[in-house]
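Notes follow the structure.
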Amino acid sequence: MTDPQAPTGELHSIPALLARNVGRFGNRPAYREKEFGIWQSWTWAEAADEIRALALGLLVLGLKPGDYVAIIGRNRPAHYWGMIAAQMCGAIPVPLYQDAVAEEMAYVMDHCGARFVLCGDQEQVDKVLEVEETVTGIEQIIYTDKRGMRKYDHARMNALSDVQDEGRAAAQRLGAELDARIAALDYDSTCVMLYTSGTTGKPKGVVLSNRNIIETSKNSAQFDHLSQREEIVAYLPMAWVGDFIFSVGQALWAGFTVNCPEGAHTMMTDMREIGPTYFFAPPRVFENQLTTVMIRMEDAGRVKRWLFRHFMDVARRVGPALLDGKQVGTGDRLSYALGNLFVYGPLKNTLGLSRVRVGYTAGEAIGPEIFDFYRSLGINLKQLYGQTEASVFITQQPDGQVRSDTVGVPSPGVEVRIAENGEVFYRSPGTFVEYYKNADSTASTKDAQGWVATGDAGFFEDATGHLRIIDRAKDVGKMADGNMFAPKYVENKLKFYPNILEAVVIGNGRDYCTAMINIDLNAVGNWAERNNIAYASYQELAGHPQVYATIREHVEAVNRSVAEDPMLSGCQVHRFLVLHKELDPDDGEMTRTRKVRRAVINDKFADLVAALYDGSDSIYTETEVTYEDGRKGKITATLKIEDAQVFGDAQGQKVAAE
Amino acid sequence: MLDKTEGYSTADGRQIGGVLMEMKNITLRFGGVVAIKDISFDIRQGEIRAIIGPNGAGKSSMLNVISGFYHPQEGEVWFKGYRRGPMKPYEVARLGIARTFQNIALFDGMSVLDNIMTGRLNRMKSGLLSQALWWGAAEREENENREQVEKIIDFLEIQNIRKTPVGRLPYGLKKRVELARALAAEPQILLLDEPMAGMNVEEKEDMSRFILDVNDEFGTTIALIEHDMGVVMDLSDRVVVMDYGRKIGDGNPDEVRRNQDVIDAYLGVAHD
Chain A
1 MTDPQAPTGE
11 LHSIPALLAR
21 NVGRFGNRPA
31 YREKEFGIWQ
41 SWTWAEAADE
51 IRALALGLLV
61 LGLKPGDYVA
71 IIGRNRPAHY
81 WGMIAAQMCG
91 AIPVPLYQDA
101 VAEEMAYVMD
111 HCGARFVLCG
121 DQEQVDKVLE
131 VEETVTGIEQ
141 IIYTDKRGMR
151 KYDHARMNAL
161 SDVQDEGRAA
171 AQRLGAELDA
181 RIAALDYDST
191 CVMLYTSGTT
201 GKPKGVVLSN
211 RNIIETSKNS
221 AQFDHLSQRE
231 EIVAYLPMAW
241 VGDFIFSVGQ
251 ALWAGFTVNC
261 PEGAHTMMTD
271 MREIGPTYFF
281 APPRVFENQL
291 TTVMIRMEDA
301 GRVKRWLFRH
311 FMDVARRVGP
321 ALLDGKQVGT
331 GDRLSYALGN
341 LFVYGPLKNT
351 LGLSRVRVGY
361 TAGEAIGPEI
371 FDFYRSLGIN
381 LKQLYGQTEA
391 SVFITQQPDG
401 QVRSDTVGVP
411 SPGVEVRIAE
421 NGEVFYRSPG
431 TFVEYYKNAD
441 STASTKDAQG
451 WVATGDAGFF
461 EDATGHLRII
471 DRAKDVGKMA
481 DGNMFAPKYV
491 ENKLKFYPNI
501 LEAVVIGNGR
511 DYCTAMINID
521 LNAVGNWAER
531 NNIAYASYQE
541 LAGHPQVYAT
551 IREHVEAVNR
561 SVAEDPMLSG
571 CQVHRFLVLH
581 KELDPDDGEM
591 TRTRKVRRAV
601 INDKFADLVA
611 ALYDGSDSIY
621 TETEVTYEDG
631 RKGKITATLK
641 IEDAQVFGDA
651 QGQKVAAE
Chain B
1 MLDKTEGYST
11 ADGRQIGGVL
21 MEMKNITLRF
31 GGVVAIKDIS
41 FDIRQGEIRA
51 IIGPNGAGKS
61 SMLNVISGFY
71 HPQEGEVWFK
81 GYRRGPMKPY
91 EVARLGIART
101 FQNIALFDGM
111 SVLDNIMTGR
121 LNRMKSGLLS
131 QALWWGAAER
141 EENENREQVE
151 KIIDFLEIQN
161 IRKTPVGRLP
171 YGLKKRVELA
181 RALAAEPQIL
191 LLDEPMAGMN
201 VEEKEDMSRF
211 ILDVNDEFGT
221 TIALIEHDMG
231 VVMDLSDRVV
241 VMDYGRKIGD
251 GNPDEVRRNQ
261 DVIDAYLGVA
271 HD
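Protein chains in written order, with the UniProt record's numbering: chain A, 1 to 658; chain B, 1 to 272.
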């Protein structure tokens, strides 16, 4: 049989792929969304009809080629259609993070000069109206959810369904114009513009062409043998390049089904109902799931706990080997089969991962224990390494060669080289065109030959040819005694403990390392409940002496394991404190993709950092916080600082310092 | 004084209609205790009408008179232009009056969905036999009603607890489920008995938003009792103030706020 994805004719744009899919998979489901308790579904033919109506409606409203269309909302078919419809009109979709506050949006909208904005609901419309106080040029607002919108001034505002109706009415008049615009799209026209979350400075608009997206989607779909029968759940922010590649690029290339959950809170139920075959999640999602499982198991009866512990031991020993197709004894196979019956099967089903054929984690390094947990259950979870500028893929792990400490081999079509200072460079068909209106940054990131600096430090393992990433190149530093300082390495080890949600390790240029820790309110709160420990707030729980004692145990265990790595043994944590608030993107302490912004933290918590190094036992601090509605407030706290035991050579560090 | 048929415009530009329900000289006694003494006021089409007052002022009794649960010894209740006599609870529901309770009255063992479905019982007409056999009219009816209920679930953003037994829910959500059940009856007047009682600030904000949205989206007239003055003043179009069974104030929130009797009642002065 011929490969159903094999290209015919000119497939040089997303709309062209859509047309191909209508021809080949016309009656297969393209999009599903749960609404009013029922999974609504659209075939490729139906979806194409909806998208065309929307594109015609945008023409009626006066969308011009080269315009930018901002899209703000949760994952819904209508929003994906909005992106494709904009492309059909020759415009460029710019998806934005829906939880961004108006200030952040204002920068992006001003930067790209969006003329049209597609909003998910009233909340987003309100933000856009707020943005308009400072930004001019927004001409049309389109919204998907009509709720609460009746009172608004509709002079230049329309419901998406109304835009489609007007488009359908204008089909005769504008059909030819639309077809001409679709035909004008080629491999070099811009497919999408995505703003990087920016751990430093202002967000940059990454321009990705049709070539970038389609070549990358084609290569990666072939790498994992993705077919039109895959099911994915689209739940990651639409502004993130990963979602664009999976839910638009690969979905259109392979012709598989994109399922949109009912809402953020129903995600787990919807996952279970869909049972995706291809799944993608940042480490945080896997961490949270594991924490939930562990909490539930601790609340379970004795027999169940024993069963779980016993068979998880079996799984840890046998599971990964089975998954990689290695030799396993008959006895172990039998135990694993029993475990599958009693524990792994039901557990996977609860997590909605029963049918996962290929799963990826990326965005950040994942804790090895977390990674192994999922692998041992028989879930083919793999790691990939990528970034927005590469249209995601730089390296990924082939089936059967999966390890928690590497990120795999270069993806098809990607060249990777390591510079002398250890920084990773790549060149690929997915390499971005430019940073929008930012020639300086483009030039400093991408050289004339097309090599792009990732900003990450890493090396290729000689034995396997797999890439290992140590840390962000700019975060890797030296301590006062010349030891290598790689904070993320230690932080990831700390974050494996369910009690620890986030950790920030400090120590660049210092005599020894220290850490600021965020507890996980779910896990620690559950523990407090079981032990009759009363608390009124996050802050109070975080400061509880028993919580401190537990965290110290974790820190010391991590120190012991860090001590085993000769290169990094200097990174053991000598002193730590538990933060009185959760690090939050709204306060600028993290990016929207939940990466810690070290510079901001060092600056904002300068008093805490000082206290970690001046030997004091406690510190009084005031911190400004931003509430979800944008108001600001202040919290005050007195934080304890505790010492932790260190091992090996590191024992000398602090003594030397004193 | 407002004319009975002409409406008025609210500060935020909503148009309020004519009188939907009118209380005329209501007096309610329990034995020798006079709970409500000679109170008159009206509720207009589309407005949010609050009844406030200190503890024991007779607010809940008043709400029970409106809902028809108590029949006053003196005075008249007019609804949609007709004088209302004593009624049974199901007759009240059929008239288009739904309510929530101060101390939540849901079925703890049933799921959220089933609880809300009970709000639509009045709209199910198929017989016992076809219901039991799940056949013909029963199935069609259930589907229609489920659709309505799902719209309300979507509206109140409780999709994630659709199948959760009510007993397992936190207090704030139970209150929301109760509101959902009342809405499921598609009432003309929705009576809310202390919808914010015992809630934290965030839950109160959510609930306020839902009350405003219900009023705006479905055009439902709402009468509510509430202790939280801030909430009442922000939410309602007009406020009746009660103290010791008497009406001491009636008007829009600003008028009420300036009323000396109201200030006295809340700050406390000696009653002779």
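Backbone N, C-alpha and C fix where the C-beta goes; we use that ideal spot for every residue, glycine too.
Computed from a prediction, not measured in an experiment: that's the story for all the values here.
Distance between residue j and residue i (C-alpha atoms, nearest Å)
{"i": "VAL34(B)", "j": "THR27(B)", "result": "8 angstroms"}
{"i": "THR2(A)", "j": "PRO15(A)", "result": "With a pLDDT of only 44 at THR2(A), under the threshold of 50, the placement of this residue in the model should not be trusted; the figure read from the coordinates follows. Cα to Cα, THR2(A) sits roughly 23 angstroms from PRO15(A)."}
{"i": "TYR31(A)", "j": "ASN160(B)", "result": "21 angstroms"}
{"i": "GLY205(A)", "j": "LYS632(A)", "result": "29 angstroms"}
{"i": "ILE51(A)", "j": "LYS634(A)", "result": "47 angstroms"}
{"i": "residue 717(A)", "j": "ASN219(A)", "result": "A question about residue 717(A) goes unanswered here, because the residues of chain A that appear run from 1 up to 658."}
{"i": "MET207(B)", "j": "TYR385(A)", "result": "44 angstroms"}
{"i": "TYR627(A)", "j": "VAL392(A)", "result": "32 angstroms"}
{"i": "LYS59(B)", "j": "THR100(B)", "result": "14 angstroms"}
{"i": "ALA155(A)", "j": "LEU290(A)", "result": "49 angstroms"}
Proximity test, residue i beta-carbon vs the ligand COA heavy atom, cut-off 6 angstroms
{"i": "GLY37(A)", "result": "As presented, the structure is devoid of all ligands, the ligand COA included, so that no description of it is given."}
Closer than 9 angstroms at the beta carbon, the chain A residues around residue i
{"i": "LYS24(B)", "result": "What LYS24(B) touches in chain A: nothing, since even the nearest Cβ is about 34 angstroms away."}
{"i": "ASP216(B)", "result": "GLY148, ARG150, LYS151"}
Under 7 angstroms from the C-beta of residue i: neighbouring residues of chain B
{"i": "LYS255(A)", "result": "A quick correction: the sequence has Gly, not Lys, at residue 255(A). Neighbours of GLY255(A) on chain B: none; closest Cβ ~29 angstroms, over 7 angstroms."}
{"i": "THR266(A)", "result": "GLN159, ASN160"}
Backbone secondary structure at residue i - three-state DSSP
{"i": "TRP39(A)", "result": "strand"}
{"i": "ASP440(A)", "result": "helix"}
{"i": "LYS488(A)", "result": "helix"}
{"i": "ASP188(A)", "result": "coil"}
{"i": "ALA503(A)", "result": "strand"}
{"i": "GLN397(A)", "result": "coil"}
{"i": "PRO165(B)", "result": "strand"}
{"i": "residue 660(A)", "result": "Absent from the structure is residue 660(A), since the part of chain A shown begins at 1 and ends at 658."}
{"i": "THR621(A)", "result": "strand"}
{"i": "ASN27(A)", "result": "coil"}
{"i": "ASN522(A)", "result": "helix"}
{"i": "LYS127(A)", "result": "helix"}
Neighbouring residues, chain A, relative to residue i (Cβ below 8 angstroms)
{"i": "GLU47(B)", "result": "Per Cβ cutoff of 8 angstroms: no residues; GLU47(B) is ~16 angstroms from chain A at best."}
{"i": "ASP213(B)", "result": "ARG147, GLY148"}
Chain-order list of residues whose beta-carbon lies under 7 angstroms from that of residue i (same chain, five-residue window excluded)
{"i": "ASP261(B)", "result": "ILE248, GLY249"}
{"i": "VAL248(A)", "result": "ILE14, TYR80, MET83"}
{"i": "ALA528(A)", "result": "TYR535, LEU541"}
{"i": "TRP240(A)", "result": "THR593"}
{"i": "SER618(A)", "result": "THR638, LEU639, LYS640, ILE641"}
Closer than 9 angstroms at the beta carbon, the chain B residues around residue i
{"i": "HIS79(A)", "result": "In chain order: nothing, as chain B lies at least about 17 angstroms away."}
{"i": "THR350(A)", "result": "By Cβ distance, chain B contributes nothing, its closest Cβ being about 14 angstroms from THR350(A), past 9 angstroms."}
Contact list for residue i against chain B, beta-carbon separation under 8 angstroms
{"i": "PHE36(A)", "result": "GLU147, GLU150, LYS151, ILE153, ASP154"}
{"i": "GLY263(A)", "result": "GLU157, GLN159, ASN160"}
Rounded Cβ spacing between residue i and residue j (contact assumed at less than 8 angstroms)
{"i": "LYS34(A)", "j": "PRO276(A)", "result": "14 angstroms between Cβ atoms; not a contact."}
{"i": "ARG44(B)", "j": "ALA223(B)", "result": "Incorrect: roughly 11 angstroms between the Cβ atoms, too far for contact."}
{"i": "PRO187(B)", "j": "ILE211(B)", "result": "The Cβ separation is near 13 angstroms, so there is no contact."}
{"i": "GLY173(B)", "j": "ILE152(B)", "result": "The residue asked about is misnamed: residue 173(B) is Leu in this sequence, not Gly. So it is not a contact: roughly 14 angstroms between Cβ atoms."}
{"i": "VAL131(A)", "j": "MET109(A)", "result": "6 angstroms"}
Contacts around residue i, its chain only, beta-carbon distance under 6 angstroms, and the 5 residues preceding and following it disregarded
{"i": "LEU174(A)", "result": "LEU56, LEU59"}
{"i": "GLN645(A)", "result": "GLU556"}
Proximal residues to residue i (C-beta, below 8 angstroms), its chain only, five neighbours per side dropped
{"i": "GLN449(A)", "result": "ARG427"}
{"i": "ARG355(A)", "result": "GLU231, GLY275, PRO276, THR277"}
{"i": "ARG552(A)", "result": "PHE576, GLU642, ALA644"}
{"i": "GLU91(B)", "result": "GLY68"}
{"i": "VAL231(B)", "result": "MET196, LYS204, SER208"}
{"i": "ASP481(A)", "result": "ASP511, GLY570, GLN653, ALA656"}
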